[in-house]
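Counting in my numbering, the sequence shown runs from 26 upward without gaps.
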Amino acid sequence: KLPLASPFLSNKTTKKMLRMHHRKQHNNRRPFILATSTSSEFQQQSSSSHQQQEQKSFDFAYLYYVGGAALVTLHVLAIPFIIPGFRKFCLPYVAANPTQLKLLTKHLRNNKARNMVDLGSGDGIVCIHVAKELGIPTVGYELNPWLVLSSRITARYEGVSHLTAFYTKDLFKGDIRKTDAVCLFVVPSMMTAIEEKLTKELKNTSKVYAVRFPLHSWKEHTYGKGELKTQTKGYNVNQMWIYDKPDIKK
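Structure follows, in structure tokens:
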């Protein structure tokens, strides 16, 4: 309430009393304003803390699912490279080097090969190189689907997709009945089984080009006078042996 005006009080005194009254009323309102402000700040802090917790939960879930997807993808990509180690014949993926490619291409040209099959074609570099250099059709059989896909992409990029064909198939099931040349970049433990396949399926006029390792029981191709013969003594990954089917031991 405002102080009552009194005839006994001067105007100056009355004004002073009014100022004191207003100051008192203002001070009485401060705790309410402070309490309201404090409550509002607490709500804002609580809301901010809740949002931060939600963001952390979302980040964790995102990393969890992304990490899981990456792990699954890694396993899917790696399995085709690991499985061959558990098969009867372990044939690791080792790409042909330029020296081996040059040696193979040279003898294919000299023997006038019209087509070629690569058993265990890996990344397809042998088929692609021969197709580019000689312009002849080539076929590759490879069990690893990722290497087959890579071979097809590379062949298209190199402009020889019309001359090359790659199949996801076991090399022992590859079709070699009509080919002029069979190329082998395999390990010694597979040679006996491959010889059996070649004996049954290869036509008599075809030749076999074994790079890195020779066949076990086949007689090596005999060259005419003045021609270089492949080296057969010692170990050298850049060696190559050429065989004719008629030379098979009965």
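The C-beta atom is built at its ideal place from N, Cα and C for all residues, glycine as well.
Keep in mind that this is a model prediction, so the values were computed, not measured.
Excluding sequence positions up to five away, which residues of its chain have a Cβ less than 6 Å from the Cβ of P162?
Locating residue 162 in the sequence shown gives position 137, counting from the first residue. So the list reads N140, L188, once near-sequence residues are dropped.
Three-way DSSP call (helix, strand, coil) for L159 in this model
Your numbering for residue 159 matches position 134 in the sequence shown. In the three-state scheme derived from DSSP, where H, G and I count as helix and E and B as strand, L159 is classed as helix.
A218, enclosing beta strand (DSSP E) - first and last residue
Here residue 218 is taken as the residue at index 193 of the sequence shown, counted from 1. Run containing A218: none in the beta strand (DSSP E); it sits in the alpha helix (DSSP H), 216-226.
Which one or two residues does DSSP pair with T189 in a beta bridge?
Locating residue 189 in the sequence shown gives position 164, counting from the first residue. According to DSSP, T189 bridges with T163.
Ends of the beta strand (DSSP E) at W266?
To locate residue 266, count along the sequence shown from 1; it is residue 241. Start and end: 265-269.
DSSP state of L168 mapped onto helix, strand, coil
Walking along the sequence shown from the start, residue 168 turns up at place 143. Secondary structure of L168 (DSSP, three-state): coil.
According to DSSP, simplified to helix, strand and coil, what is V119?
Numbered from 1 along the sequence shown, position 94 holds the residue referred to as residue 119. Three-state DSSP puts V119 in coil, outside helix and strand.
From the DSSP output, in three-state form, read off K232 for me.
If you number the sequence shown from 1, residue 232 lands on position 207. The answer is strand: DSSP assigns K232 an E or B state.
Cutting at 8 Å between CB atoms, please list the residues of its own chain near A138, excluding the five before and the five after it.
Your numbering for residue 138 matches position 113 in the sequence shown. A distance below 8 Å between beta-carbons, with the five flanking residues on each side excluded, links A138 to the following residues of its chain, in chain order: L159, I161, D205, A206, K232.
Status (buried if at least 16 other CB within 10 Å, exposed otherwise) for G184
Locating residue 184 in the sequence shown gives position 159, where the first residue counts as 1. Exposed: under 16 other Cβ atoms inside 10 Å.
Top-ranked residue by Cα proximity to S175, from I201, G147, V155, P213
To locate residue 175, count along the sequence shown from 1; it is residue 150. Among I201, G147, V155, P213, the Cα nearest to that of S175 belongs to G147.
On the three-state DSSP scale, how would you describe V262?
The count along the sequence shown starts at 1 and reaches residue 262 at position 237. Coil at V262, not helix or strand.
Does the Cβ-Cβ distance between L168 and D195 come in under 8 Å?
Within the sequence shown, numbered from 1, the residue matching residue 168 stands at position 143. Within the sequence shown, numbered from 1, the residue matching residue 195 stands at position 170. In contact: L168 and D195 (Cβ atoms closer than 8 Å).
Considering only the alpha carbon of each residue, which of K157, V155, L144 lies closest to V173?
Residue 173 sits at position 148 when you count from the first residue of the sequence shown. Nearest option by C-alpha distance: L144.
Helix, strand or coil for A180, going by three-state DSSP, please let me know.
In the sequence shown, residue 180 corresponds to position 155, counting from 1. Taken through DSSP and simplified to helix, strand or coil, A180 comes out as helix.
Should I178 go down as buried or exposed, given a rule of 16 or more other Cβ atoms within 10 Å for buried?
Start at 1 with the first residue of the sequence shown, and residue 178 comes out as number 153. So I178 counts as exposed.
Relative to the alpha-carbon of F191, which residue among C152, N263, M215 has its alpha-carbon at the smallest distance?
In the sequence shown, counting from the first residue as 1, residue 191 sits at position 166. Comparing Cα-Cα distances from F191 to each of C152, N263, M215, the minimum goes to C152.
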